[in-house]
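Participant: Chains as they are written, first to last, in our numbering: chain B, 13 to 344; chain V, 13 to 344.
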DNA sequence: CTGTTAGCGCGTTCAT
DNA sequence: ATGAACGCGCTAACAG
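1) If you draw a straight line from the C-alpha of residue 26 of chain B to the C-alpha of residue 55 of chain B, how long is it?
2) So residue 69 of chain V and residue 66 of chain B are supposed to be a Cβ contact under 8 Å. How far apart are they, rounded?
3) Start and end of the beta strand (DSSP E) containing residue 299 of chain V?
4) Below 8 Å on the Cβ atoms is my guess for residue 62 of chain V versus residue 128 of chain B; work out the distance and round it to an integer in Å.
5) When the Cα of residue 17 of chain V is compared with those of B:152, B:39, B:32, which residue comes out closest?
6) Would the beta-carbon of residue 313 of chain B fall within 8 Å of that of residue 81 of chain B?
7) In angstroms with no decimal places, state the Cα-to-Cα distance between residue 160 of chain B and residue 303 of chain V.
8) Hey, does residue 262 of chain B have any beta-carbon neighbour from chain V nearer than 8 Å?
9) List, in chain order, every chain V residue whose beta-carbon is nearer than 9 Å to that of residue 86 of chain B.
10) Ignore the nearest five residues each way along the sequence and tell me which others in residue 101 of chain B's own chain have a CB closer than 6 Å to its CB.
11) Of all the CB atoms in chain B, is at least one closer than 8 Å to the CB of residue 153 of chain V?
12) Residues in its own chain within less than 6 Å of residue 278 of chain B by CB, not counting five upstream and five downstream?
13) What number of angstroms, rounded off, separates the C-alpha of residue 130 of chain B from the C-alpha of residue 113 of chain B?
14) Going by beta-carbon coordinates alone, are residue 179 of chain V and residue 227 of chain V separated by less than 8 Å?
15) Buried or exposed for residue 32 of chain B, going by 16 or more other Cβ atoms inside 10 Å?
16) Is residue 122 of chain V helix, strand or coil when you go by DSSP?
17) Let me make sure I understand the geometry here. Which of B:196, B:282, B:247 has the alpha-carbon closest to that of residue 183 of chain B?
18) Would you decide whether residue 330 of chain V is buried or exposed? Buried here means 16 or more other CB atoms lie within 10 Å of its CB.
19) Taking only beta-carbon atoms, is residue 191 of chain B less than 8 Å away from chain V?
20) Residue 87 of chain V lies in the beta strand (DSSP E); which residues open and close that run?
21) Would you decide whether residue 60 of chain B is buried or exposed? Buried here means 16 or more other CB atoms lie within 10 Å of its CB.
22) Tell me where the alpha helix (DSSP H) around residue 137 of chain V begins and ends.
23) Taking one C-beta from the stretch 81-90 of chain V and one from the stretch 135-150 of chain V each time, how about it: are there three or more such pairs within less than 8 Å?
24) If we define contact as Cβ-Cβ less than 8 Å, is residue 275 of chain V a contact residue for chain B?
25) Note down, in chain order, every chain B residue with its Cβ under 7 Å from the Cβ of residue 258 of chain V.
26) Please state the DSSP three-state secondary structure of residue 325 of chain V.
27) Run through chain B and tell me which residues come within less than 7 Å of residue 128 of chain V, C-beta to C-beta.
28) Which residues bound the beta strand (DSSP E) around residue 80 of chain V?
29) Counting contacts by CB-CB distance shorter than 8 Å, is residue 292 of chain B in contact with chain V?
30) Taking the alpha carbon of residue 321 of chain B as the reference point, which residue from B:188, B:190, B:292, B:155 has its own alpha carbon closest?
31) Output, in chain order, the set of chain B residues within a Cβ distance shorter than 7 Å of residue 19 of chain V.
32) Measuring only the C-alpha atoms, how far is residue 257 of chain V from residue 186 of chain V?
33) Answer with yes or no whether the minimum CB distance from residue 22 of chain V to chain B is below 8 Å.
34) Starting from residue 170 of chain B, follow its DSSP beta bridges and name the residues at the other end.
35) Run through the DSSP bridge pairs and tell me what residue 196 of chain V is partnered with.
36) Shorter than 8 Å from the beta carbon of residue 100 of chain V to some beta carbon of chain B?
Structure below.
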């Protein structure tokens, strides 16, 4: 007996009430007699009735779904962000519709477009897009928040203080006596990468330290390793490296060691993000509370969806300097 | 001018055609004159029309969305699985609706229930649930596949040969001359964990090696470390450890070293999964092609959704032994 | 090739 | 407290 799924009408018939009563009972309205409600519930149970989500959306024009548009993220960063978002969403009865796009702005646009009508709100992370590009892509009429990218004036943004984080990492290098510093930056198109570079440079300037070495990495392990090898091959001298993120730092670490340099004795090294690998490798870094950011963003998004709240003040999550072996004499 | 979104009727009016023609043009039907199609496309562009997904679903009874139900996964395993799935899905015009549930079977049931009517098919990973439990939870009428868990007879399953993987890891330990082996198992309720333990034991038996030590871990770093500390405290002797997964192995590695034991000289160590950490720590392991599994599962699911295909033969993805420093004399 | 129209399943007035 | 009826936006069957 694989009959088609029961509809609200089947339930109404079986409970001997009208569809309106079933709907009311279902949505917990007050004006339903206990007796009626029980009969409805019984019928629902008998028929294994499950409301059709599409019909519900069409008629109520809300989906109880949130769209999440992410760049081509890897590893722990991705999973932590989703974990934070999913937790906040499911606690509030929302589901997450996912779209992991690639760097191309055009794809970003498509990703956002296909979500229209399927979600009540949108959380977008697009560090490679400018503020204006994001503004152009986001549908006017739909609530939206931005996560870890250039803050918008029109939408709440959940960000971190990249400059301060990078500056404090740099000050730490200076504080342990390193003077000839180097920075391996992230992709030029990436907002966070640019901010971190700025933070590094301003800390150097503020301390009156010698002009630093700056190379352009790609947020990846290979990029970090390549830059370091180049420097070393050119005979550059440096005793402290601040990398744009942990993966870059890890690449740098391997290149340094492959060249016979000791870390931290010869060169101190610090990254950014605090991915789990960092802890295991004893890499000093700046911790980004990714899951918290995701949760905060979704929490706010749900508030916007349910109560039309506006407001666009960026919410800045605190960073934390995590000191480990690569900037300390002792092993972790 | 923040008017309500344009509907198909607005488009029809502006293009001076009927809604049916708009629908046909939209869905790429052949029987539309070029002239008509152009006018429709023009109107769509003018009005920034985007079809309402809910209405479309209701009327066509398909959502172009796939549900993904996952356990409380961490790190790279999670992100790789999603990456593989999302790639396969988006290439075919499908979106992923996510639900990360917790171990509780009741929650699993809820997670699946809320997806009814919102997705065309379901991909479920539930290693902590029995075959029967999953069968009971999965809606009869909806296409579904299972990923990395006890294979069902009713649905295609995408699995790995845990026993053979564990056995080959164990044989490798034996082959490099280790005889007093130990196994740190995963949670007893987990299907893959049980299979891996079996694989370990049968390899031991087949080789006629001495009775091994077996401890119950939890797939986590702490569990692995705890078991090793216990063994060491009790004065147990062993020269090779096969851990149920990489995180467990990493915990074991740290406990071993903290106790002054050298790896692999004193104790050889091998894990399972090949998460990125494994490579960085030089941990030997068994590689599970997580992204490929996810992609294959979704690919098959889409086929089932679009063409009612049946079939329930488990698809077994190949594993690969990855040898690194923790089972070899030399560093990686 | 094109237009008219009847549902799809549900929420929600409006009467009663 | 309950029921009848309309409309949400779209697809598809049917007429022309």
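Built from N, CA and C at the ideal position, the CB exists for glycine as well.
Facilitator: Taking the structure as given:
1) Reading the first chain from its first residue, position 14 is the one you call residue 26 of chain B. Reading the first chain from its first residue, position 43 is the one you call residue 55 of chain B. Taking the straight line from one Cα to the other gives about 6 Å.
2) Here the question's residue 69 of chain V lines up with position 57 in the second chain. Here the question's residue 66 of chain B lines up with position 54 in the first chain. Contact flag correct, Cβ pair sits at about 4 Å.
3) Within the second chain, residue 299 of chain V is the residue found at index 287, counting from 1. Residues 297-299.
4) The sequence position of residue 62 of chain V within the second chain is 50, counting from 1. The sequence position of residue 128 of chain B within the first chain is 116, counting from 1. Residue 62 of chain V to residue 128 of chain B, Cβ: 5 Å. Contact.
5) For this step, residue 17 of chain V is matched to residue 5 along the second chain. Checked all of B:152, B:39, B:32; the closest Cα to residue 17 of chain V is B:152.
6) On the first chain, position 301 is the one that residue 313 of chain B refers to. On the first chain, position 69 is the one that residue 81 of chain B refers to. Result no, Cβ atoms of residue 313 of chain B and residue 81 of chain B do not sit closer than 8 Å.
7) Here residue 160 of chain B refers to the residue found at position 148 of the first chain. Here residue 303 of chain V refers to the residue found at position 291 of the second chain. When rounded, the distance between both Cα atoms is 26 Å.
8) Position 250 of the first chain holds residue 262 of chain B. Interface residue, yes.
9) Locating residue 86 of chain B in the first chain gives position 74, where the first residue counts as 1. Residues of chain V passing the Cβ test: 88, 91, 92, 95, 288.
10) Against the first chain, residue 101 of chain B aligns to sequence position 89. These residues qualify, in order along the chain: 78, 108, 310.
11) Numbered from its first residue, the second chain carries residue 153 of chain V at position 141. Judged by the 8 Å Cβ criterion, residue 153 of chain V is in contact with chain B.
12) The count along the first chain starts at 1 and reaches residue 278 of chain B at position 266. Answer for residue 278 of chain B: no residue qualifies.
13) Reading the first chain from its first residue, position 118 is the one you call residue 130 of chain B. Reading the first chain from its first residue, position 101 is the one you call residue 113 of chain B. Spanning the two alpha carbons is a distance of roughly 17 Å.
14) Start at 1 with the first residue of the second chain, and residue 179 of chain V comes out as number 167. Start at 1 with the first residue of the second chain, and residue 227 of chain V comes out as number 215. Against a cut-off of 8 Å, the Cβ pair of residue 227 of chain V and residue 179 of chain V comes out as no contact.
15) Translated into positions along the first chain, residue 32 of chain B becomes position 20. It is exposed - the Cβ of residue 32 of chain B has fewer than 16 other Cβ atoms within 10 Å.
16) Here residue 122 of chain V refers to the residue found at position 110 of the second chain. Residue state for residue 122 of chain V is assigned as helix, using DSSP reduced to three classes.
17) Taking the first residue of the first chain as 1, we reach residue 183 of chain B at position 171. Ranking B:196, B:282, B:247 by Cα distance to residue 183 of chain B puts B:282 first.
18) Stepping through the second chain from its first residue, residue 330 of chain V is reached at position 318. Residue environment for residue 330 of chain V: exposed (fewer than 16 other C-beta atoms within 10 angstroms of its C-beta).
19) For the purposes of this step, residue 191 of chain B is taken as the residue at position 179 of the first chain. Interface criterion not met: the Cβ of residue 191 of chain B is under 8 Å from no Cβ in chain V.
20) In the second chain, residue 87 of chain V corresponds to position 75, counting from 1. According to the DSSP assignment, residue 87 of chain V belongs to no beta strand (DSSP E) but to the alpha helix (DSSP H) extending over 87-103.
21) Residue numbering aside, residue 60 of chain B sits at position 48 when the first chain is read from its first letter. So residue 60 of chain B counts as exposed.
22) Taking the first residue of the second chain as 1, we reach residue 137 of chain V at position 125. Counting along the chain, residue 137 of chain V falls outside any alpha helix (DSSP H), and DSSP gives it neither H nor E.
23) Look at the beta carbons and you see the stretch 81-90 of chain V touching the stretch 135-150 of chain V: at least three pairs across the two are nearer than 8 Å.
24) As a position in the second chain, residue 275 of chain V is number 263, starting the count at 1. With 8 Å as the cut-off, residue 275 of chain V does not count as an interface residue toward chain B.
25) As a position in the second chain, residue 258 of chain V is number 246, starting the count at 1. Within chain B, no residue comes near residue 258 of chain V; the closest Cβ sits about 11 Å away, beyond 7 Å.
26) Against the second chain, residue 325 of chain V aligns to sequence position 313. When secondary structure is reduced to three states using DSSP, residue 325 of chain V falls in the coil class, being assigned neither helix nor strand.
27) Taking the second chain and counting its residues from 1, one reaches residue 128 of chain V at position 116. Under the 7 Å cutoff, chain B gives 62.
28) Here residue 80 of chain V corresponds to residue number 68 of the second chain, with the count starting at 1. Residues 77-82.
29) The sequence position of residue 292 of chain B within the first chain is 280, counting from 1. Output row for residue 292 of chain B: interface = yes.
30) If you number the first chain from 1, residue 321 of chain B lands on position 309. Of the residues B:188, B:190, B:292, B:155, the one whose Cα lies closest to the Cα of residue 321 of chain B is B:155.
31) Residue numbering aside, residue 19 of chain V sits at position 7 when the second chain is read from its first letter. Simply none; closest approach about 11 Å.
32) Counted from its first residue, the second chain places residue 257 of chain V at position 245. Counted from its first residue, the second chain places residue 186 of chain V at position 174. When rounded, the separation of the alpha-carbon atoms in residue 257 of chain V and residue 186 of chain V is 19 Å.
33) Residue 22 of chain V sits at position 10 when you count from the first residue of the second chain. Chain B, which has no Cβ nearer than 8 Å to the Cβ of residue 22 of chain V, makes this no.
34) Residue numbering aside, residue 170 of chain B sits at position 158 when the first chain is read from its first letter. DSSP output for residue 170 of chain B lists B:159, B:327 as bridge partner(s).
35) Residue 196 of chain V sits at position 184 when you count from the first residue of the second chain. Paired residues: V:227, V:255.
36) Counted from its first residue, the second chain places residue 100 of chain V at position 88. No, because no Cβ of chain B sits closer than 8 Å to the Cβ of residue 100 of chain V.
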